[in-house]
Structure formats: C-alpha cells, structure tokens
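Student: Residue numbers (my numbering), protein chains in the order written: chain A, 62 to 468; chain B, 62 to 468.
Where is the CB? At the ideal position from N, CA and C, for every residue including glycine.
Here you go, one structure.
Protein chains: 2
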Amino acid sequence: MKIGNLGVTAPKGFQAASGAAGIKNNGSPDMALIFSEVPCRAAGTFTTNIVKAAPVKWDQHIVYDIGQAQAVVVNSGIANACTGAEGYDCCRKTADAAAAAFAVPADQVLVASTGVIGRQIPVDKIVGGISLLKPQLADTREAAAAAARAIMTTDTVPKEVSVSFALGGATVTIGGMCKGSGMIHPNMCTMLSFLTTDAMISQAMLQAALSDVVQDTYNMVSVDGDTSTNDTVLLLANGLAGNAEITEKNGDYEIFRNALFALNRELARKIAGDGEGATALFEVKIIGAQSKEQAVTLAKSVVSSSLTKAAIYGHDANWGRILCAMGYSGAEFDPEKVDLYFESAAGRIQIIAEGVDTGYSEEEATRILSEPEVTAIADVHMGSAEATAWGCDLTHEYVSINADYRS
Amino acid sequence: MKIGNLGVTAPKGFQAASGAAGIKNNGSPDMALIFSEVPCRAAGTFTTNIVKAAPVKWDQHIVYDIGQAQAVVVNSGIANACTGAEGYDCCRKTADAAAAAFAVPADQVLVASTGVIGRQIPVDKIVGGISLLKPQLADTREAAAAAARAIMTTDTVPKEVSVSFALGGATVTIGGMCKGSGMIHPNMCTMLSFLTTDAMISQAMLQAALSDVVQDTYNMVSVDGDTSTNDTVLLLANGLAGNAEITEKNGDYEIFRNALFALNRELARKIAGDGEGATALFEVKIIGAQSKEQAVTLAKSVVSSSLTKAAIYGHDANWGRILCAMGYSGAEFDPEKVDLYFESAAGRIQIIAEGVDTGYSEEEATRILSEPEVTAIADVHMGSAEATAWGCDLTHEYVSINADYRS
Numbered sequence: 062m063k064i065g066n067l068g069v070t071a072p073k074g075f076q077a078a079s080g081a082a083g084i085k086n087n088g089s090p091d092m093a094l095i096f097s098e099v100p101c102r103a104a105g106t107f108t109t110n111i112v113k114a115a116p117v118k119w120d121q122h123i124v125y126d127i128g129q130a131q132a133v134v135v136n137s138g139i140a141n142a143c144t145g146a147e148g149y150d151c152c153r154k155t156a157d158a159a160a161a162a163f164a165v166p167a168d169q170v171l172v173a174s175t176g177v178i179g180r181q182i183p184v185d186k187i188v189g190g191i192s193l194l195k196p197q198l199a200d201t202r203e204a205a206a207a208a209a210r211a212i213m214t215t216d217t218v219p220k221e222v223s224v225s226f227a228l229g230g231a232t233v234t235i236g237g238m239c240k241g242s243g244m245i246h247p248n249m250c251t252m253l254s255f256l257t258t259d260a261m262i263s264q265a266m267l268q269a270a271l272s273d274v275v276q277d278t279y280n281m282v283s284v285d286g287d288t289s290t291n292d293t294v295l296l297l298a299n300g301l302a303g304n305a306e307i308t309e310k311n312g313d314y315e316i317f318r319n320a321l322f323a324l325n326r327e328l329a330r331k332i333a334g335d336g337e338g339a340t341a342l343f344e345v346k347i348i349g350a351q352s353k354e355q356a357v358t359l360a361k362s363v364v365s366s367s368l369t370k371a372a373i374y375g376h377d378a379n380w381g382r383i384l385c386a387m388g389y390s391g392a393e394f395d396p397e398k399v400d401l402y403f404e405s406a407a408g409r410i411q412i413i414a415e416g417v418d419t420g421y422s423e424e425e426a427t428r429i430l431s432e433p434e435v436t437a438i439a440d441v442h443m444g445s446a447e448a449t450a451w452g453c454d455l456t457h458e459y460v461s462i463n464a465d466y467r468s
Numbered sequence: 062m063k064i065g066n067l068g069v070t071a072p073k074g075f076q077a078a079s080g081a082a083g084i085k086n087n088g089s090p091d092m093a094l095i096f097s098e099v100p101c102r103a104a105g106t107f108t109t110n111i112v113k114a115a116p117v118k119w120d121q122h123i124v125y126d127i128g129q130a131q132a133v134v135v136n137s138g139i140a141n142a143c144t145g146a147e148g149y150d151c152c153r154k155t156a157d158a159a160a161a162a163f164a165v166p167a168d169q170v171l172v173a174s175t176g177v178i179g180r181q182i183p184v185d186k187i188v189g190g191i192s193l194l195k196p197q198l199a200d201t202r203e204a205a206a207a208a209a210r211a212i213m214t215t216d217t218v219p220k221e222v223s224v225s226f227a228l229g230g231a232t233v234t235i236g237g238m239c240k241g242s243g244m245i246h247p248n249m250c251t252m253l254s255f256l257t258t259d260a261m262i263s264q265a266m267l268q269a270a271l272s273d274v275v276q277d278t279y280n281m282v283s284v285d286g287d288t289s290t291n292d293t294v295l296l297l298a299n300g301l302a303g304n305a306e307i308t309e310k311n312g313d314y315e316i317f318r319n320a321l322f323a324l325n326r327e328l329a330r331k332i333a334g335d336g337e338g339a340t341a342l343f344e345v346k347i348i349g350a351q352s353k354e355q356a357v358t359l360a361k362s363v364v365s366s367s368l369t370k371a372a373i374y375g376h377d378a379n380w381g382r383i384l385c386a387m388g389y390s391g392a393e394f395d396p397e398k399v400d401l402y403f404e405s406a407a408g409r410i411q412i413i414a415e416g417v418d419t420g421y422s423e424e425e426a427t428r429i430l431s432e433p434e435v436t437a438i439a440d441v442h443m444g445s446a447e448a449t450a451w452g453c454d455l456t457h458e459y460v461s462i463n464a465d466y467r468s
C-alpha cells in the first residue's frame, strides 16, 4: 500500500474543477465540482446533530435510498443550515442545474456546504458557478488540489491524501480531500470529506467499509467540542480499476477497508493539526484499557478538555488536567494506577507513575511539548484495549477567529 | 426574605480569619478559617470526578459518617489532588493541628483546597498558618470578606451572599462565600463554596435541602466544561437562631430551602460572571420544554459551547451556534419550531422564529449583546418545563491564564 498526497482525481475516471462563484465576500474560491465519467456506487456518513443542514438531508436521501451518484457540488462560505424549506429548495435547484450540465439524473448529484449557519445561499450564484466550472473539469493533480483549496473555510492548508494498492488482480486507488478547522467534534461521521475510488465494490460493502473506518478516524477528532450541523463524508466508487467486484466481507474487502482506514486516518490527523488557531497537533493515546469503549471515552475526554488544550498551547506539562479530564469522562478506572507519558519528535518522558508525579524535569517536559505534534499516553493498567484521539491546542487565535467569525 | 452581601460570619456564632501562610508563591492571602462557637450539623456535596482530591475524601468521611463539624480550614494555591497517601496525610495533620488549637475533635474539622493539581502541600505551612490565624478569628463583616478573598485563585472578585428570613418564631440567617473561575463544570456538586447558618435543623434535612438546591444552582454553571477534582460545597448549621428545629419536610423546611436556593443562585451567578477571563455573564434559558431534564440538557449544552461563548465575546449574534449546540445535546426537539431571543439590560430581540432568521437588525442585536450580562432564551414549544444555566464568554484572557497557569 502506497500513501501519497494526491486528491480526488487520483483514481481513474474522476475529474475536478473549482473557482470563485461569489458566495464568499472576499472573492476567494468557494465552489468545487467532482465528476465521475461513469455512474458510481455512493456511500456516506452524516452528522448526528438533530439540526441537520439542508445538503445533509438531500445527500442522505441519495445515499440511503438510491446508492448511486455521479457528481458532487460543494460550496464554502455558507452552510445552508437552519434555512428551512428555502434551503432544501436550493439543494434541489443546484442538483437540477448540475444534472442539466452533465446529462445525469438530478438524484445522482450530491451537494455539500460549509460556512455560516442560518444564511440562505444565493442559488443563482451556484447555478452560475456550475456553468463557469464545467469547462474546467480535469482529471489532473492540479484540478484536485485547487478543489481542496476551494472547500476551505478557516482551514490554513488544503488537505489531500491518496492510497494505491493491489486488489483482486488490479491496482486500486482511493483519493480524498477534506476540510475541517472549526465546529469539529464529529459523531458517527465527520466534517466535509470527499473520497473517490476506482474500486469495483458493491454499494453495501462500500457503505460498510466507510461506516467502519469513520469510527476510528474522524470520530476520534475534536477541535472545539461542537458537533456540526453539516458533517458529511461521501465516498464514490466508479469501478474503473477493473478488480474483481467486492460483494462480501472477504480478503479483498479487508484490503480495501485497511487502505480506506489508512487514508482517512491521515485526513483526520490533518484536520486536527489544522484546527482553528492551532499551533500543535495533540494526540492522546489510552493504552492498557479494559475495553475499546473505555479507551475511546477516556481519549476523547482528554483531547476535548479546554484546560488541557490551553496547557498544550503553553507547552506546560500540567498533567493534573489530563487526569482530571479522565476522571470526569464517565469511564471507570483507578487514578492511583495510572502512568502518563508525553512524547514527541524531541523524545519521551514519564510524568506520573501510579497516579503521582515522578519528579520529572519540567525543562525536559517543556522541550518535548514544544514540538508541532505532541502525544500524551496514559496507561490505565486494566487490560489490552487502546484508542487514539486527535485534537489541537486552544490558542488566542482560536478566540480571535470565533469572536467575530461572521464579519 | 432579605438578600445581602455579608458572608460566612452573618449568622450568629460564626467567626472567620484569613492570611498568607506561604502556599502561594506571590505572598497573597492563601488560607482561611471558619469556626463556629458551638458544634454544627454538617452537610456537603462533592465532585463526581473519580479523581477526587484528598480533602474531598476527608470531608466525605466527616459529612457522610459523622454529620457534625465545628471548623473549616481552607487553602488556595495547591489543590492537594493526585497526591496519594501523602496528600491524605496532609489533611489528617491539618485537622489534628486545628483540633489542638480549637479544642475540638479532629474528625469535626473539615478541610478544603484549590489550586494546582499534583503538587504536595507543605503541611508545616498549614500548621503554622493555623497558629497565625487563630488569634485573628472574629465574627465581623471584615473577617468574612477577607476570608472570601483568601480562597480566590484566578477569581478577580470575592464572592459573598447572605439571606435573612423569619422562620419558626425566629430570624434565621444563611451566609456564604465561594470561589470559582476555572475548571468549572460542576456535576452533582460544585466548586468551593462555604455556607453557614444559625438555623436549627436536623442533619438529614440540612443535607436534603443542600442536595436539592445544588441541582438548579452550581450544577447549572459551566466556565470551561472541566469538572474539577476538588468541587466541594459545605453547609454548617449551628442552631443558634433559636427557631423550632426542622426535622421533616414541612413549611419551615420549604422556607429554609427557598432561602438557601436564593443564596446559592446568587453565588452560582457570581461564579459564572467571574469565570476565567470572562467579560460577560452568559445566561441560557430554555422554555417550553417537555421535561425539566430536557430543558437542563439543552441549557447546559448551549452554555458549554466554545463557539457560542466566543461569539458572545465578540458581541456577535451568531445564533446558528446556539441551535447547533442544542442539536448535538442529545435532547430531542424539532429545530423548525424553535424561537430564539437575546435579552440584556439594553433590551430584547427575537432572532429566530420557527427555526429561521427573523430578519432582525444585526446592529440592535450587537447592542444587546454588548452588556455585561446577556441572556439567550430558546422556546422549544413542547411543554411548560424550563431551566436556566449560567456561563461566560470565551476570551483571549482565558487562553492567557490557562496556557501558563503554573508559572
């Protein structure tokens, strides 16, 4: 398996385009198209927030009831959430316009939006954008990279990952792009992530693999504890790789699932490391847990703790906050048996042993915590289950971004 | 019922003292004593964090197993949490020293600590502090006010409230002081709060009243979502008011409970308004709920949302974040039936009606959100239950305080 940094055009038969349709006030790119030369099986996972954006409802209908798609229309700048009937109508008009442009059925056009909640999208700008972008569709690396940039909101870098691997007598590729940054605490799904593959796989197996891997990837990320109204992962498979079709959970399924996991793990880490205002990726590993569920609960509690995140920003080994966050997580454990370590490219240091301070060097700990990627490892000594969660530090810049996001 | 701003010496027979024992590095007052001339019935509520500080364990033994106390020894600067056997031994030595000084049994001396987790308290400084403070014990307003100042950590103002009311043929008084500011998200209990009363009431009724009122007061406060290892509320009743003893849930109990609620509600609001770095008290009222539990879940989710809190800091009516936080709370409701209002001393404005924007004036909303106390009111139109939660805005100063708290 080869991991690379190509995006949604990496698999055979996928094209992308992007540009500025005038939805963002500052004239930045704010619209992207993904198009497959042939119809795809479509899988998706969506926010569990009961306030669901209109595009989430539109896509759920397509993924759950139809299971096929050929195009995705994405805009950044406005989320099309809390927009009532007018918002849903905007999705329909968008799909109609794309259907006419690409000569595909409207119920095979997925849509996705990210940005401010509560504002209506000027649908004429989206329709104009589709006309503008259609002639630019290309299967190049550059087209994918530009699309990854167009879906950004407060992200500082575009996020693309690709994997290639041998499967069923062919070489299969999965490509992906995503955006994250704020309102990031996915539950059963994720922020916006668009995945393409040329694998030949049934819709049921495609959905099974996706639903499985989001649990240990996007669902283990938290930037600010706020689960969005728009979280969406879409995965399109057009079958052009020519592998023997996957229709059950056999060896080929495992290979595909593992590649999909590796790709999404990288995308999830990129989202965490580029959280709003972040200066560091903060990884939390719980080991020695009694069950996976316990490890997940503990890891997510620590990675979501505002006080812990602020201490990471200050490169301060304030480990009491980590034990505190484990303590209020709801998971049972014995605080007096916990060992805790900090680790980064600068080294590894044991901070507490059996629940109390080891007498570690603060200077050494600060040196380790000053790297752009830092990991806290807590061993609860109860079994062999483990889990990893990803987040970022809490910074002045996070507050600046969010105190006045709409202006 | 008369609400005032006297503290723990307001009821008959209570004295306080405070001073600098050398636990804080900067020489600020860091120790306080509360003493009753006669033994008291003692009630308490404590953190549900399974990482419990040593003084929490010490006090739970006294409140649950003995139910009587005559003195409280409090220090700020070090939390005495995650300190193992040595930490618990520090509580015992503190109680022994106070017992000797005041000629009371050691198991009637409550202790409480707040500050950095994981560091051992220099117990000789606490013992020295008891000798230093004992001669200064006084039943004056000034002594109480100085004690309220000595228990502060990152608090910017001391917090005292008192109530007096007629009860069972006498005038009864309750006085209280508390500290809050950071690691504030109490669950079944609270931050540090010390309450005194001269009411004559059985220990069982005292505990029942306290356990009841914390639910709608301290437990509805969140500064940063982190439930502390040290949260403690202690309530001492010395019976000196001369009222007919309360031994069951009769009319007198209701009067006492209501006064206790009014006092703790004010203390809870003070804690929220003085949250670390706060520039505003943020109140969230859910009305029209189907059940109290639903209203509580919704109110706490909104008041804890980092994105919502940052928007309040920016005086930005970014209401989508409020609906989003309601949506991921776990409570069921119909987003398309929600009405939302902002209210403050500057007026009241309806922001959304049946889930969508009313076309309100952003300028007017910003004016209302620029007050030091702002309220969001969401009507979910499902019934008549309601709940109120208190928090504060998320500011640059919060990050500054917590990025480097230990230096």
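1) Pick helix, strand or coil for serine 137 of chain B, following the three-state DSSP scheme.
2) For glycine 452 of chain A, which residues does DSSP report across the bridge?
3) Below 6 Å CB to CB, which residues in the same chain sit around glycine 65 of chain A once its five sequence neighbours on both sides are set aside?
4) Straight-line CA distance for alanine 93 of chain A to isoleucine 182 of chain A?
5) Let me check you understand the geometry: is the CB of valine 117 of chain B closer than 7 Å to at least one non-hydrogen atom of the ligand MN?
6) Alanine 103 of chain A and glycine 148 of chain A - do their beta-carbons sit closer together than 8 Å?
7) Helix, strand or coil, according to DSSP, for glutamate 397 of chain B in the structure here?
8) Straight-line CA distance for threonine 251 of chain B to alanine 142 of chain B?
9) Taking C-beta to C-beta, are isoleucine 262 of chain B and glutamate 306 of chain B nearer than 8 Å?
10) Hey, how far is the Cα of glutamine 276 of chain A from the Cα of glycine 189 of chain B?
11) Which residues in chain B sit within 9 Å of leucine 384 of chain A, going by Cβ to Cβ distance?
12) Please list, in chain order, the chain A residues whose beta carbon lies closer than 9 Å to that of tryptophan 380 of chain B.
13) Under a CB-based cut-off of 8 Å, is methionine 387 of chain B close to chain A?
14) Cα-Cα, which of B:Gln76, B:Lys346, B:Ser97 is closest to valine 15 of chain B?
15) Taking DSSP as the reference, what is the three-state secondary structure of valine 441 of chain B?
16) Does glutamate 393 of chain B have its Cβ less than 8 Å from a Cβ in chain A?
17) So that I know if they touch, is there some Cβ in chain A lying closer than 8 Å to that of leucine 455 of chain B?
18) Does cysteine 250 of chain B have its Cβ less than 8 Å from a Cβ in chain A?
19) Name the residues in the segment 352–372 of chain B whose C-beta lies less than 7 Å from a C-beta of chain A; which are they?
20) Kindly identify the DSSP beta-bridge partner or partners of phenylalanine 75 of chain B.
21) List the residues of chain B whose Cβ lies closer than 7 Å to the Cβ of asparagine 463 of chain A, in chain order.
22) Quick one: which unbroken beta strand (DSSP E) runs of 3-plus residues sit fully inside the segment 377–431 of chain A? Chain order, please.
23) Which residues in the same chain as valine 364 of chain B place their Cβ atom closer than 6 Å to its Cβ, once the five residues preceding and following it in sequence are excluded?
24) What does valine 460 of chain B reach in chain A if we use C-beta pairs closer than 8 Å?
25) For chain A, check one thing: does any of its Cβ atoms lie closer than 8 Å to the Cβ of valine 170 of chain B?
26) Glutamate 397 of chain B touches chain A at which residues, Cβ-Cβ below 8 Å?
27) Which same chain residues, not among the five before or five after methionine 249 of chain A, have their C-beta less than 6 Å away from its C-beta?
28) For isoleucine 373 of chain A, which of helix, strand or coil comes out of DSSP?
29) Alpha carbon to alpha carbon, what distance is there between alanine 146 of chain A and isoleucine 438 of chain A?
30) Report all residues from its chain with a CB closer than 7 Å to the CB of cysteine 101 of chain B; omit the five preceding and five following residues, and keep chain order.
31) Kindly list the residues whose CB is nearer than 6 Å to the CB of isoleucine 429 of chain B, restricted to its own chain and excluding five residues on each side of it in sequence; keep chain order.
32) Pick helix, strand or coil for methionine 92 of chain B, following the three-state DSSP scheme.
33) Can you list the residues of chain A that aspartate 287 of chain B reaches, using a CB-CB cut of under 9 Å?
34) Please list, in chain order, the chain A residues whose beta carbon lies closer than 7 Å to that of aspartate 418 of chain B.
35) Going by the beta-carbon positions, is the gap between alanine 378 of chain A and asparagine 463 of chain B smaller than 8 Å?
Tutor: Looking at the atomic coordinates:
1) Indexing the second sequence from 1 puts residue 137 of chain B at position 76. In the structure shown, serine 137 of chain B sits in a strand (DSSP, three-state: E or B).
2) Position 391 of the first sequence, counted from the start, is the residue given in the question as residue 452 of chain A. Answer is A:Phe343, bridged to glycine 452 of chain A.
3) Position 4 of the first sequence holds residue 65 of chain A. Once the five neighbours on either side are set aside, the close Cβ partners of glycine 65 of chain A are Ser223.
4) Residue 93 of chain A sits at position 32 when you count from the first residue of the first sequence. Residue 182 of chain A sits at position 121 when you count from the first residue of the first sequence. Taking the straight line joining both Cα atoms gives about 15 Å.
5) The model on display carries no ligand, and the ligand MN is accordingly not part of it.
6) Looking up residue 148 of chain A in the first sequence gives position 87. Looking up residue 103 of chain A in the first sequence gives position 42. The answer is no: Cβ separation not under 8 Å.
7) Residue mapping note: residue 397 of chain B aligns to position 336 of the second sequence, counting from 1. In this structure, glutamate 397 of chain B counts as helix in the three-state DSSP scheme.
8) Mapped onto the second sequence, residue 251 of chain B falls at position 190. Mapped onto the second sequence, residue 142 of chain B falls at position 81. Here the model assigns threonine 251 of chain B a pLDDT of 41, short of 50, so the residue's position is not dependable and the matter cannot be decided.
9) Indexing the second sequence from 1 puts residue 262 of chain B at position 201. Indexing the second sequence from 1 puts residue 306 of chain B at position 245. Yes, Cβ-Cβ distance for isoleucine 262 of chain B and glutamate 306 of chain B is below 8 Å.
10) Working through the first sequence from its first residue, we reach residue 276 of chain A at position 215. Working through the second sequence from its first residue, we reach residue 189 of chain B at position 128. Looking at the two C-alpha atoms, the distance is approximately 55 Å.
11) As a first step, residue 384 of chain A is located in the first sequence; it is residue number 323 there, counting from the start. Identification of chain B residues near leucine 384 of chain A by a Cβ-Cβ cut-off of 9 Å yields Val112, Ala142, Cys143, Ile178, Gly179, Thr290, ordered along the chain.
12) For the purposes of this step, residue 380 of chain B is taken as the residue at position 319 of the second sequence. Chain-order list of chain A residues neighbouring tryptophan 380 of chain B: Cys143, Ile178, Gly179, by C-beta distance under 9 Å.
13) Against the second sequence, residue 387 of chain B aligns to sequence position 326. So yes, methionine 387 of chain B belongs to the interface.
14) Chain B is shown only over 62 to 468; residue 15 of chain B falls outside these bounds and no answer can be derived.
15) Here residue 441 of chain B refers to the residue found at position 380 when the second sequence is read from its first residue. Coil, per DSSP.
16) By 1-based counting over the second sequence, the position of residue 393 of chain B is 332. Interface residue, yes.
17) As a first step, residue 455 of chain B must be located in the second sequence, where it is residue number 394. True, the Cβ-Cβ gap to chain A drops below 8 Å.
18) Taking the second sequence and counting its residues from 1, one reaches residue 250 of chain B at position 189. Summary for cysteine 250 of chain B: the model assigns pLDDT 39, below 50, so the residue's position carries little reliability; its value from the coordinates is reported in the next sentence. No, no contact with chain A.
19) Ser366, Ser367, Leu368, Ala371, Ala372
20) Numbered from 1 along the second sequence, position 14 holds the residue referred to as residue 75 of chain B. B:Ser97.
21) In the first sequence, the residue the question calls residue 463 of chain A occupies position 402. Those within 7 Å of asparagine 463 of chain A in chain B are Leu368, Ala371, Ala372.
22) 400–405, 408–414
23) Locating residue 364 of chain B in the second sequence gives position 303, counting from the first residue. Closer than 6 Å at the Cβ level, and outside the excluded window around valine 364 of chain B, lie Ser283, Val345, Ala450, Gly452.
24) Working through the second sequence from its first residue, we reach residue 460 of chain B at position 399. Neighbours of valine 460 of chain B on chain A, chain order: Ala371, Tyr374, Leu455, Thr456, His457, Tyr459, Val460.
25) Your numbering for residue 170 of chain B matches position 109 in the second sequence. Closer than 8 Å: no.
26) By one-based count along the second sequence, residue 397 of chain B stands at place 336. Residues of chain A passing the Cβ test: Gly145.
27) Within the first sequence, the letter at position 188 stands for residue 249 of chain A. Because methionine 249 of chain A carries a pLDDT of 37, less than 50, the predicted location of this residue cannot be relied on, and the following value inherits that uncertainty. Thr109.
28) To locate residue 373 of chain A, count along the first sequence from 1; it is residue 312. Isoleucine 373 of chain A: helix per DSSP, three-state reduction.
29) For the purposes of this step, residue 438 of chain A is taken as residue 377 along the first sequence, with counting starting at 1. For the purposes of this step, residue 146 of chain A is taken as residue 85 along the first sequence, with counting starting at 1. Distance between the alpha carbons of isoleucine 438 of chain A and alanine 146 of chain A: 47 Å.
30) Locating residue 101 of chain B in the second sequence gives position 40, where the first residue counts as 1. These residues qualify, in order along the chain: Gln129, Ala130, Gln131, Leu297, Ala298, Asn299.
31) Numbered from 1 along the second sequence, position 368 holds the residue referred to as residue 429 of chain B. Setting aside the 5 residues that flank it on each side, isoleucine 429 of chain B is surrounded in the same chain by Phe403, Ser405, Ala407, Gly408, Ile410, each with a C-beta closer than 6 Å to its C-beta; the list follows chain order.
32) Taking the second sequence and counting its residues from 1, one reaches residue 92 of chain B at position 31. Looking at methionine 92 of chain B - three-state DSSP - the assignment turns out to be strand.
33) Counted from its first residue, the second sequence places residue 287 of chain B at position 226. Within chain A, the residues near aspartate 287 of chain B are Ser366, Ser367, Leu368, Thr369, Arg382, Cys385, Ala386, Tyr389.
34) Position 357 of the second sequence, counting from 1, holds the residue named residue 418 of chain B. Simply Gly179.
35) The residue you call residue 378 of chain A lines up with position 317 of the first sequence. The residue you call residue 463 of chain B lines up with position 402 of the second sequence. Against a cut-off of 8 Å, the Cβ pair of asparagine 463 of chain B and alanine 378 of chain A comes out as no contact.
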